[in-house]
Structures are given as structure tokens and as C-alpha cells.
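Trainee:
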Amino acid sequence: MQLQYFLVLAAALFCIGIYGLITSRNAVRVLMSIELMLNAVNLNLMGFSNFLDPTGIKGQVFTVFVITVAAAEAAVGLAIILAIYRNRETIDMEQFNLLKW
Amino acid sequence: MNLAEGVQIVSGGILAVMMLATALGVVLLSNIVYSAFLLGGVFISISGLYILLNADFVAAAQILIYVGAVNVLILFAIMLVNKREDFKDIPGRWIRNLSTGVVCGGLFALLGTMILVTPWSINSTSPAVIENTIVEIGKHFFSDFLLPFELASVLLLMAMVGAIILARRDLIPEAMPREETITTSLTLPERPRELASLGGGSGEES
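Chains as they are written, first to last, in my numbering: chain Y, 71 to 171; chain C, 33 to 238.
1) Using only CA atoms, which one of 84(C), 120(C), 53(C) lies nearest to residue 96(Y)?
2) Does the CB of residue 168(Y) have a neighbour CB from chain C at under 9 Å?
3) Would you mind working out which of 108(Y), 163(Y), 155(Y), 150(Y) sits nearest residue 196(C), comparing C-alpha positions?
4) Near residue 141(C), which residues of its chain fall below 7 Å by C-beta distance, leaving aside the five closest residues on each side in sequence?
5) Does the structure place the stretch 113-133 of chain Y close enough to the stretch 76-87 of chain Y that three or more beta carbon pairs sit under 8 Å?
6) Take the Cβ of residue 65(C) as the centre, count every other Cβ of all protein chains shown within 10 Å, and call the residue buried at 16 or more, exposed below.
7) Mapping DSSP to helix, strand and coil, what is residue 88(C)?
8) Could you pull the DSSP bridge partners for residue 34(C) from this structure?
9) What is the DSSP secondary structure of residue 96(Y), reduced to helix, strand or coil?
10) I want to verify the contact list: residues of chain Y whose CB lies under 7 Å from the CB of residue 168(C), in sequence order.
11) With a threshold of 7 Å on Cβ separation, who are the neighbours of residue 166(C) within its own chain once the five nearest residues in sequence on each side are excluded?
12) Just how far apart, CA to CA, sit residue 52(C) and residue 186(C)?
13) Tell me the DSSP bridge mates of residue 162(Y)?
14) Is it true that the CB of residue 59(C) sits closer than 9 Å to the CB of residue 119(Y)?
15) At a CB-CB cut-off below 7 Å, which residues of chain Y make contact with residue 180(C)?
16) Output the distance between the C-alpha atoms of residue 93(Y) and residue 166(Y), rounded to the nearest integer angstrom.
17) Determine, for residue 124(C), whether the minimum Cβ-Cβ distance to residues of chain Y falls below 9 Å.
18) May I have the straight-line CA-CA distance separating residue 54(C) from residue 109(C), to the nearest angstrom?
19) I'd like to know if residue 44(C) contacts chain Y, where contact means its C-beta is closer than 9 Å to some C-beta of that chain.
20) For chain Y, check one thing: does any of its Cβ atoms lie closer than 9 Å to the Cβ of residue 34(C)?
21) Could you check whether the Cβ of residue 157(Y) sits closer than 9 Å to any Cβ belonging to chain C?
22) Give me the residue from 137(C), 179(C), 91(C) with the minimum Cα distance to residue 85(Y).
23) Leaving out five residues before and five after residue 107(C) in sequence, what residues of the same chain have Cβ atoms less than 7 Å from its Cβ?
24) Which of the three DSSP states is assigned to residue 61(C) in this structure?
25) Going by DSSP, what residue range makes up the alpha helix (DSSP H) through residue 185(C)?
26) Run through chain Y and tell me which residues come within less than 8 Å of residue 147(C), C-beta to C-beta.
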């Protein structure tokens with residue numbers, strides 16, 4: 071098991087997350103794609119922590135912080151989606167243009 | 033990691049295939065409920081990869097927080113906004129999808145070549161694995177990462193307050209001189225919702 075294996079895996083997951091973030095029209099799916107991207111970053115951190123810094127595991131500490139921020143982001147994001155849904159009666163991302171022009 | 037090398041490679045391959053397949057399912061499936069359940073599959077396979085990377089505590093935290101909290105929260109949000117609507121077609125949308133796919137594939141190719149070309153300075157000897165990662169993470173938390181650790185609690189408190197305020201029903205009562213509603217210190221200043229009809233209709237409001 072090499073470091074490159076995990077890095078390529080994390081890169082693939084990140085690209086899938088970007089694709090879903092841009093192309094999906096359901097607002098909840100956008101949040102799911104953001105979670106995918108955060109998990110890819112976590113996988114990178116864990117890989118570097120295991121292979122380059124195996125004694126002082128600072129990467130795992132950073133991963134715990136990223137998980138914390140991701141949980142907070144998910145809660146606030148879903149609350150925003152609920153508020154928008156209550157105002158606009160839709161969750162289509164193409165129709166959320168309140169701040170667009 | 034005291035597994036054999038072959039076991040590690042085989043389980044890593046299985047977890048990688050599972051993770052990529054479920055991630056593609058999250059992005060590409062049309063039913064949002066299937067996507068939410070497949071997201072749990074992604075999180076579980078990433079947790080398995082963490083175990084392969086000698087990080088048992090973070091693997092357990094991944095399952096607890098992501099599968100147990102974030103995924104359930106997403107499922108609740110899907111239930112709350114459960115409106116089966118057919119999105120209107122936008123002309124030229126396939127161009128957008130195609131160009132996004134090309135850009136993402138190009139980004140992946142770029143990252144892949146960068147990863148494979150870069151000579152990582154790994155000491156080839158098998159790394160000295162820490163036996164008890166929880167003790168080590170705890171030492172980090174309470175010595176040199178104490179300030180971010182405390183700030184994380186403040187961040188979680190702020191996120192909780194913000195989520196409650198955002199998702200509350202009506203922030204401003206539309207008519208200030210209302211009839212007498214008993215407000216104690218335990219009631220939020222929001223409009224009291226009309227009672228759900230006692231007989232039949234249920235689950236109507238949002």
C-alpha cells in the first residue's frame with residue numbers, strides 16, 4: 071500500500087464531488103457533493119499523516135477538526151435549504167437567483 | 033497495521049471500488065433518497081480506508097459523526113422538502129454537463145500525474161506505528177492544539193444557534209398586536225401554528 075494509491079483515490083473522489091456540485095439541480099444533492107469533497111480532503115490528510123508523519127499524528131488531529139467543521143456546515147446548510155424552500159417552494163438550484171443580478 | 037500485505041491490498045481495492053461506485057451513485061442517480069443512502073456507503077468505505085491507514089479513532093469518529101449525524105440530517109432534510117417536482121428543461125444544459133465532465137476529468141488527470149510524478153520522500157522502512165492513537169490525539173488536543181479545540185466548541189455552538197434561527201418557522205410576527213398569547217421565557221417568539229386537523233389530514237405543512 072503506497073501513498074500514491076490513497077492520493078489518487080482522494081483526487082478521484084474530489085473530482086466526483088466537483089462534478090456533482092456543479093451539475094446537480096437538487097439543493098440537497100449539492101450539500102452531499104460538498105460532503106464528498108470534504109471527505110476527499112480528509113483522506114489526503116490521513117494519507118500524509120500515516121506515511122510522512124507516523125509518530126506525531128498531526129494529520130489525524132486536523133481530520134478531527136475538519137469533521138467538526140463539516141458537521142457544523144451540514145447543519146447550517148440544511149437549515150438554509152429549509153428556509154429557501156419555505157420561501158420559494160422549490161429546491162431547484164436554477165431558480166435560486168435572489169442574489170444573482 | 034498488523035495485517036498481511038496481501039490482505040491490505042485486497043481490502044484496500046475492495047474499499048476503493050466501493051467508495052468510487054457509491055460516490056458516482058450519489059452524483060448520478062436521479063432519485064435523491066438513493067443518493068442519500070449511497071452517501072452512507074461512501075462514508076463507511078472511507079472509514080475502512082482510515083483503518084487501513086492506522087487511524088482507528090478517526091475511523092470510529094467518521095462512522096459516528098458522518099453516518100450517524102450528517103447522513104441522518106440529510107435524510108431528514110429530504111423528508112422535510114419532499115416535493116417530487118420535475119425540473120424544467122433548460123436548453124443547452126447538456127453542454128454544461130459535458131463541459132463540467134471534461135473539466136473534472138482534466139483536473140483528475142492533472143492531479144494524477146502530479147501525484148505519480150512527484151518523488152515523495154517516504155522513508156522506505158516500515159513506519160513505527162503508534163499503538164494507542166487516542167492517547168496521542170488527546171495529548172495533541174490538550175497541549176499544542178488547545179486553542180483550536182476550544183474554538184471548535186464555540187463554532188459548534190454558533191452553528192447550532194444559527195441553524196435553529198434559520199430553520200425556525202416565522203421570524204417576525206406579521207401582526208404585532210396579537211391576541212393574548214402567553215409568552216413565558218421558554219417559548220420562542222414565533223407565530224403559533226394552527227393546530228393540525230385532528231381528524232384526517234396529516235403531514236400537510238412543509
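Note that the Cβ used here is the ideal one computed from N, Cα and C, for glycine as well.
Mentor: The relevant details are as follows:
1) As a first step, residue 96(Y) must be located in the first sequence, where it is residue number 26. With distances taken between Cα atoms, residue 96(Y) lies closest to 120(C).
2) Working through the first sequence from its first residue, we reach residue 168(Y) at position 98. No, residue 168(Y) does not count as interfacial toward chain C.
3) Walking along the second sequence from the start, residue 196(C) turns up at place 164. For the residues 108(Y), 163(Y), 155(Y), 150(Y), the minimum Cα distance to residue 196(C) belongs to 150(Y).
4) Numbered from its first residue, the second sequence carries residue 141(C) at position 109. Answer for residue 141(C): no residue qualifies.
5) Taking 8 Å as the limit for Cβ pairs, the verdict is that the stretch 113-133 of chain Y does touch the stretch 76-87 of chain Y.
6) Looking up residue 65(C) in the second sequence gives position 33. Label assigned to residue 65(C): exposed.
7) By one-based count along the second sequence, residue 88(C) stands at place 56. Helix, per DSSP.
8) Residue 34(C) sits at position 2 when you count from the first residue of the second sequence. Partner residues in a beta bridge of residue 34(C), as assigned by DSSP, do not exist.
9) Taking the first sequence and counting its residues from 1, one reaches residue 96(Y) at position 26. Note: residue 96(Y) maps to strand in three-state DSSP.
10) Here residue 168(C) corresponds to residue number 136 of the second sequence, with the count starting at 1. In chain order: 127.
11) Position 134 of the second sequence, counting from 1, holds the residue named residue 166(C). The residues are 89.
12) Numbered from its first residue, the second sequence carries residue 52(C) at position 20. Numbered from its first residue, the second sequence carries residue 186(C) at position 154. Taking the straight line joining both Cα atoms gives about 35 Å.
13) Within the first sequence, residue 162(Y) is the residue found at index 92, counting from 1. Within the DSSP bridge table, the entry for residue 162(Y) names 96(Y) as partners.
14) Here residue 119(Y) corresponds to residue number 49 of the first sequence, with the count starting at 1. Here residue 59(C) corresponds to residue number 27 of the second sequence, with the count starting at 1. No, the Cβ-Cβ distance between residue 119(Y) and residue 59(C) is not below 9 Å.
15) By 1-based counting over the second sequence, the position of residue 180(C) is 148. Within chain Y, the residues near residue 180(C) are 135.
16) For the purposes of this step, residue 93(Y) is taken as residue 23 along the first sequence, with counting starting at 1. For the purposes of this step, residue 166(Y) is taken as residue 96 along the first sequence, with counting starting at 1. If you take the alpha carbons of residue 93(Y) and residue 166(Y), they lie about 15 Å apart.
17) Taking the second sequence and counting its residues from 1, the one referred to as residue 124(C) is at position 92. So no, residue 124(C) is outside the interface.
18) If you number the second sequence from 1, residue 54(C) lands on position 22. If you number the second sequence from 1, residue 109(C) lands on position 77. Rounded to whole angstroms, the separation of the alpha carbons of residue 109(C) and residue 54(C) is 20 Å.
19) In the second sequence, the residue the question calls residue 44(C) occupies position 12. Residue-level contact by beta carbon holds for residue 44(C) and chain Y, with a gap shorter than 9 Å.
20) Reading the second sequence from its first residue, position 2 is the one you call residue 34(C). Chain Y has no Cβ within less than 9 Å of the Cβ of residue 34(C).
21) Start at 1 with the first residue of the first sequence, and residue 157(Y) comes out as number 87. Under the Cβ criterion of 9 Å, residue 157(Y) is not counted among the residues facing chain C.
22) Taking the first residue of the first sequence as position 1, residue 85(Y) is located at position 15. When the alpha-carbon of residue 85(Y) is set against those of 137(C), 179(C), 91(C), the nearest one is in 137(C).
23) Along the second sequence, one-based indexing puts residue 107(C) at 75. Closer than 7 Å at the Cβ level, and outside the excluded window around residue 107(C), lie 68.
24) Numbered from its first residue, the second sequence carries residue 61(C) at position 29. Note: residue 61(C) maps to coil in three-state DSSP.
25) Here the question's residue 185(C) lines up with position 153 in the second sequence. Following the DSSP letters along the chain, one finds residue 185(C) inside the alpha helix (DSSP H) bounded by residues 178-199.
26) Residue numbering aside, residue 147(C) sits at position 115 when the second sequence is read from its first letter. Against residue 147(C), the close residues of chain Y are 74, 77, 78, 81, in the order they occur along the chain (beta-carbon pairs closer than 8 Å).
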